[in-house]
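Student: Have a look at the structure that comes next, please.
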Amino acid sequence: SILNILLGIKKGDIYNLETLNKRLGKQLSAEGGDIGSLYMDDGYLFFRSEPIETSVYNDTIDFEIRMTEGPQAVYGNITVSGNDKTKDYVILRELRTIPGEKFSRADIIRTQRELGQLGFINAETINPNVVPNADNGTVDINWQVEEKSADQLELSAGFGGGIGLTGTLGVTFNNFSIKNITKKSSWDPLPTGDGQRLSARIQSNGRAYRSYNFSFTEPWLGGKKRNSFSVNYYNTKYSNAYDQFGRYCKTCGDSSYVKTVGVGISLGKQLKWPDDYFNLIYTLNVQQYKLRNYERLFAGLSDGTSTNISLKLTLLRNSAGPNPIFPTSGSNFMLSGQFTLPYSLMGLTDANDNQYKLPEFHKWRMNAEWYVPIGKARGADKNKQFILKAAAKYGFIGRYNSKMGISPFERFQVGDAGLSNTQALLGYDIIAHRGYPVYSNSDPRVNPDGVQPTQYFTIFNKYTVEMRYPFSTGASSTIYGLAFFEAANGWYDFKNYNPFKLRRSAGVGMRFFLPMFGLLGFDYGVGFDRYNQNTGLKGAAKFTFMLGQEPE
-19 SILNILLGIK KGDIYNLETL NKRLGKQLSA EGGDIGSLYM DDGYLFFRSE PIETSVYNDT
41 IDFEIRMTEG PQAVYGNITV SGNDKTKDYV ILRELRTIPG EKFSRADIIR TQRELGQLGF
101 INAETINPNV VPNADNGTVD INWQVEEKSA DQLELSAGFG GGIGLTGTLG VTFNNFSIKN
161 ITKKSSWDPL PTGDGQRLSA RIQSNGRAYR SYNFSFTEPW LGGKKRNSFS VNYYNTKYSN
221 AYDQFGRYCK TCGDSSYVKT VGVGISLGKQ LKWPDDYFNL IYTLNVQQYK LRNYERLFAG
281 LSDGTSTNIS LKLTLLRNSA GPNPIFPTSG SNFMLSGQFT LPYSLMGLTD ANDNQYKLPE
341 FHKWRMNAEW YVPIGKARGA DKNKQFILKA AAKYGFIGRY NSKMGISPFE RFQVGDAGLS
401 NTQALLGYDI IAHRGYPVYS NSDPRVNPDG VQPTQYFTIF NKYTVEMRYP FSTGASSTIY
461 GLAFFEAANG WYDFKNYNPF KLRRSAGVGM RFFLPMFGLL GFDYGVGFDR YNQNTGLKGA
521 AKFTFMLGQE PE
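In my numbering, the protein residues as written are -19 to 532.
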């Protein structure tokens, strides 16, 4: 029977009281798979099971499991408390515990994950205060939450990249309220509480480089269904700061530069099938690239204007959680396809003309991540546990017409820490590879040190295994350490593609997530394929730093 399968204890097995209680559901776990979970997911809140020893002889114990199902319960009054800034409806719309519907333990676990994913609710302290009413077969729940600061300020300066000192100023508001922006009383210090996200970022060093970014996200467009809406705008200009003799030149930027302006609009929809962890996102991107006497980014393209218009379809399934910063279980899958019109087949461009004035391509991405807890949870709150993360990523960009070159835009830059600004310039996907600089050669035997890539890959593979351990997961900060093994590489065509011919690395790192500053992190990685006897292990090692977000 199903109950015997869930119990999983057969005659002759070694007696283990802890295993017996776990299979009966007396020790609650988020994974379920026990007898208690089976009943409680079907409304039997008052279900009870007791193992009774009926006889003991020699080295054998006979058990009888006595179960009381009780009536099926339904949800009664559902309330929230502890939210001072966040409006009630923002939390209530995330709840799976709907008044009048049948009680389910799975609904409570899923609600805890959804609230934790908001980013401005402390996932570690979410408490569903369950009050059963055996007299009328209902259960009241008061969702007790603790808000945490989710706004982030970025203020930094850096020196390098051939342009000197560059300053950065950025702000992100993760619980914004755009409809209250005209109400003076709501500015404390900013209008908050509607769960919207607003972000703005400026980088500049004067004449050589400047970049503006703006984005806004409404996770519940219309307020009734989980249909997200996002818009982002960016404007970047990178000028040549040196003359032909390598001397710094203030006026060279007027005659040699690359400028990118882009707008993206996204609409997302939560799917019901195969399950409601799935989301489908439609994105329309319009980008314009202007190059004037600038040959440093792509060989063969130094002057002209290119207009890139593409439609991107993304299928997501994200069950990782409950804390989005430090997931402890679940998975995250992404499959996307990005398409332009086949302009050359329509007679709008040809190889003899400026074939890149209307770039054409089809681009495919696949990401997969798994999170698995290892060993027993430790600490006073049982929140200290090793977490194994395994990830695989793949990307490919192709062409419609074999007579046309593959687009120089939207390619894959592999290597380093993923902090390069070339993504904003030519739309590259930046794929970090710890322990290596950015490389453009597909042969792992070729050391990429000291080589400046002039073009990037059209195919890439990347595999990652991380073992993580949390030191702090509170509202004030999330800190964890990690050890990693990574393998990746890129190629220019399928003739040379070999998913097993990879550059390998391993190392350790730390992550610090602070409410006002977001993510700070560093890794110390050793690129095994960079090792040689002359420089030793030190020459194969590379320290990388990340700020704001975890790179791909």
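Glycine included, every Cβ here is placed at the ideal spot set by N, Cα and C.
All of these numbers come straight from a predicted model, not from anything done at the bench.
Would you please state the rounded distance, in angstroms, between the beta carbons of F392 and G470? I believe it to be under 8 Å.
Tutor: Counting from one through the sequence shown, the residue named residue 392 turns up at place 412. Counting from one through the sequence shown, the residue named residue 470 turns up at place 490. Yes, F392 and G470 are in contact; Cβ-Cβ is about 6 Å, under 8 Å.
Student: Can you tell me where the beta strand (DSSP E) with R181 in it begins and where it stops?
Tutor: Working through the sequence shown from its first residue, we reach residue 181 at position 201. Where R181 is concerned, the enclosing beta strand (DSSP E) stretches over 176 to 184.
Student: So, do the region 149 to 156 and the region 468 to 487 have three or more beta carbon pairs nearer to each other than 8 Å?
Tutor: no
Student: Beta-carbon within less than 7 Å of F525's beta-carbon, same chain only, minus the 5 sequence neighbours each way: which residues are those?
Tutor: Translated into positions along the sequence shown, residue 525 becomes position 545. Same-chain partners within the cutoff: A397, F502.
Student: Would you call the region 349 to 364 in contact with the region 377 to 396, where contact means no fewer than 3 C-beta pairs closer than 8 Å?
Tutor: no
Student: Three-state secondary structure (DSSP) at D68?
Tutor: Within the sequence shown, residue 68 is the residue found at index 88, counting from 1. Looking at D68 - three-state DSSP - the assignment turns out to be helix.
Student: Look up E74 in the DSSP assignment and say whether it is helix, strand or coil.
Tutor: As a working mapping, residue 74 is identified with position 94 in the sequence shown. It is coil, neither helix nor strand.
Student: How would you write the range of the alpha helix (DSSP H) that Y19 sits in, first residue to last?
Tutor: By one-based count along the sequence shown, residue 19 stands at place 39. Taken as a continuous stretch (DSSP letters only), the alpha helix (DSSP H) holding Y19 covers 15 to 20.
Student: Measure the C-alpha to C-alpha separation of N57 and K362 and round it to an integer number of angstroms.
Tutor: The residue given as residue 57 occupies position 77 in the sequence shown. The residue given as residue 362 occupies position 382 in the sequence shown. Using only the alpha carbons, I get a separation of about 30 Å.
Student: Cα-Cα, which of S311, E390, L(-3) is closest to S290?
Tutor: Along the sequence shown, read from residue 1 onward, the residue named residue 290 stands at position 310. S290 has its Cα closest to that of E390, out of S311, E390, L(-3).
Student: Taking all protein chains shown into account, decide if D87 is buried (16 or more other Cβ within 10 angstroms of its Cβ) or exposed.
Tutor: Working through the sequence shown from its first residue, we reach residue 87 at position 107. When all chains shown are included, D87 counts as buried.
Student: Could you check the C-alpha separation between F341 and N288 for me, to the nearest Å?
Tutor: Within the sequence shown, the letter at position 361 stands for residue 341. Within the sequence shown, the letter at position 308 stands for residue 288. F341 and N288: Cα-Cα distance of roughly 10 Å.
Student: Use the C-beta contact count for Q132: other C-beta atoms within 10 angstroms, 16 or more gives buried, fewer gives exposed.
Tutor: As a working note, residue 132 is residue 152 in the sequence shown. Burial call: buried.
Student: So, under 8 Å CB-CB, E126 and T105 are touching, yes? Tell me the CB distance rounded to an integer number of Å.
Tutor: By one-based count along the sequence shown, residue 126 stands at place 146. By one-based count along the sequence shown, residue 105 stands at place 125. Yes, they are in contact, since the Cβ atoms of E126 and T105 sit about 5 Å apart, within 8 Å.
Student: If I measure Cβ to Cβ from N312 and keep anything under 7 Å in the same chain, skipping five residues before and after, which residues do I get?
Tutor: Working through the sequence shown from its first residue, we reach residue 312 at position 332. N298, A300, E349.
Student: Is it buried or exposed, F480, if we count other Cβ atoms within 10 angstroms and call 16 or more buried?
Tutor: Numbered from 1 along the sequence shown, position 500 holds the residue referred to as residue 480. F480 comes out exposed.
Student: Below 8 Å on the Cβ atoms is my contact criterion, and I expect G507 with G415 to pass it. Report the Cβ-Cβ distance as a whole number of Å.
Tutor: Here residue 507 is taken as the residue at index 527 of the sequence shown, counted from 1. Here residue 415 is taken as the residue at index 435 of the sequence shown, counted from 1. Between G415 and G507 the Cβ distance is about 4 Å, and since that is below 8 Å, they are a contact.
Student: Of the residues F100, S136, T77, E134, which one's Cα is nearest the Cα of P108?
Tutor: The residue labelled residue 108 in the question sits at position 128 within the sequence shown. Comparing Cα positions, the closest option is T77.
Student: Report the partner residues of W344 according to the DSSP bridge assignment.
Tutor: Locating residue 344 in the sequence shown gives position 364, where the first residue counts as 1. For W344, which the question treats as bridged, DSSP gives the partners G317, F376.
Student: Please give the ranges of any beta strand (DSSP E) in the region 433 to 516, keeping only runs that are unbroken, at least 3 residues long and fully inside the region.
Tutor: Whole beta strand (DSSP E) segments, 3+ residues: 439 to 453, 458 to 471, 483 to 494, 498 to 507.
Student: In angstroms, rounded to a whole number, what distance separates the CA positions of V119 and P31?
Tutor: What you label residue 119 is simply residue 139 of the sequence shown in a count that begins at 1. What you label residue 31 is simply residue 51 of the sequence shown in a count that begins at 1. Using only the alpha carbons, I get a separation of about 26 Å.
Student: M346 and L296: beta carbons closer than 8 Å?
Tutor: Walking along the sequence shown from the start, residue 346 turns up at place 366. Walking along the sequence shown from the start, residue 296 turns up at place 316. Their beta carbons are not under 8 Å apart, which means M346 does not touch L296 by this criterion.
Student: Assuming contact is defined by CB atoms lying nearer than 8 Å, are V418 and A468 in contact in what I supplied?
Tutor: To locate residue 418, count along the sequence shown from 1; it is residue 438. To locate residue 468, count along the sequence shown from 1; it is residue 488. In this structure, A468 does not lie closer than 8 Å to V418 by Cβ.
Student: When you compare only the Cα positions, how much space is there between Q318 and Q335?
Tutor: As a working note, residue 318 is residue 338 in the sequence shown. As a working note, residue 335 is residue 355 in the sequence shown. Cα-Cα distance, rounded: 19 Å.
Student: So, helix, strand or coil for I367, using DSSP?
Tutor: The count along the sequence shown starts at 1 and reaches residue 367 at position 387. In this structure, I367 counts as strand in the three-state DSSP scheme.
Student: Going by Cα to Cα distance, which pick from S485, N512, G498, P495 is closest to F523?
Tutor: As a first step, residue 523 must be located in the sequence shown, where it is residue number 543. Comparing Cα-Cα distances from F523 to each of S485, N512, G498, P495, the minimum goes to S485.
Student: Using CA atoms only, rank isn't needed, just tell me which of K163, N427, Y472 is closest to Y436.
Tutor: For the purposes of this step, residue 436 is identified with residue 456 of the sequence shown, where counting begins at 1. When only C-alpha atoms are compared, the closest one is Y472.
Student: Should F27 go down as buried or exposed, given a rule of 16 or more other Cβ atoms within 10 Å for buried?
Tutor: Translated into positions along the sequence shown, residue 27 becomes position 47. F27 should be labelled buried.
Student: Can you tell me whether DSSP reads S422 as helix, strand or coil?
Tutor: The count along the sequence shown starts at 1 and reaches residue 422 at position 442. Note: S422 maps to coil in three-state DSSP.
Student: For V536 and A188, what's the separation of their Cα atoms in angstroms?
Tutor: Any question about residue 536 goes unanswered here, given that the chain covers just -19 to 532.
Student: Please confirm whether any heavy atom of the ligand GTP lies closer than 7 Å to the CB of E30.
Tutor: By its list of ligands, the structure shown contains no ligand whatsoever, and the ligand GTP lies outside what it can speak to.
Student: Which runs of the beta strand (DSSP E), 3 residues or longer, sit entirely within the region 55 to 130?
Tutor: 107 to 113, 118 to 124
Student: Excluding the 5 residues preceding and the 5 following F465 in the sequence, name in chain order all residues of the same chain whose CB lies nearer than 7 Å to its CB.
Tutor: Walking along the sequence shown from the start, residue 465 turns up at place 485. Counting only Cβ-Cβ distances below 7 Å, and skipping sequence neighbours, we find V445, A486.
Student: Quick one: residues in its chain with C-beta nearer than 8 Å to the C-beta of S136, no 5 flanking neighbours on either side, listed in chain order?
Tutor: Reading the sequence shown from its first residue, position 156 is the one you call residue 136. G147, T148, L527, listed in sequence order.
Student: Using the Cα positions of A130 and P171, report the straight-line distance between them to the nearest angstrom.
Tutor: Here residue 130 is taken as the residue at index 150 of the sequence shown, counted from 1. Here residue 171 is taken as the residue at index 191 of the sequence shown, counted from 1. Straight-line Cα distance between these residues: approximately 14 Å.
Student: For K373, which of K442, L406, I411, P428 has the nearest alpha-carbon?
Tutor: Along the sequence shown, read from residue 1 onward, the residue named residue 373 stands at position 393. Cα-wise, what sits closest to K373 is K442.
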